[in-house]
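Residue numbers (the numbering used here): 1 to 130. For every residue, glycine included, the Cβ atom is placed at its ideal position computed from N, Cα and C. Everything numeric in this text was worked out from a predicted model, so none of it was measured. Okay, structure first, notes after.
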């Protein structure tokens, strides 16, 4: 009976992880896509009122011209649109029953950690520096 209970808990764990990865990946992807659309709109018409300009204190339009907004020479939301696909794909694999090797999880975890550090740095730049 204990063995059956352990199997059930082990089989639920990847589903929970998959749901968390899917939800966070989709939220991140849509947020990045929305910022990318706003960036394109601001390039087409610099005087346009952007939907991410919520108040004088919460704004994205003023940040687009800063060096932090294009750290690698192109708008950072492109990294988000490309990068947030990774947790979505891993979640789909887990929901389909895939089992990934240890090296895969290590590389994936390193990528997620790197993305988290980058997003945290961008947040700190926008709140405390800019």
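Taking a cut-off of 8 Å for Cβ pairs, the segment 88-103 and the segment 46-66 do not touch, as fewer than three such pairs fall below it. Taking all protein chains in view, the Cβ of residue 39 is crowded by 16 or more other Cβ atoms within 10 Å, so the residue is classified as buried. Contact check for residue 26 and residue 94: beta-carbon distance about 15 Å, past the 8 Å limit, so the pair fails to qualify. Taking 9 Å as the cut-off, the beta carbon of residue 28 is found closer than this to the beta carbon of residue 87. Proximity to residue 32 across 79, 20 and 69 peaks at 79, based on C-alpha coordinates.
Comparing alpha-carbon positions, the option among 19, 70, 106 and 129 lying closest to residue 35 turns out to be 70.
The criterion of a C-beta distance shorter than 9 Å is not satisfied by residue 60 and residue 72. The C-alpha of residue 14 lies about 10 Å from the C-alpha of residue 96. The beta carbons of residue 22 and residue 91 sit closer together than 9 Å.
Under the three-state reduction of DSSP, residue 39 is assigned to helix.
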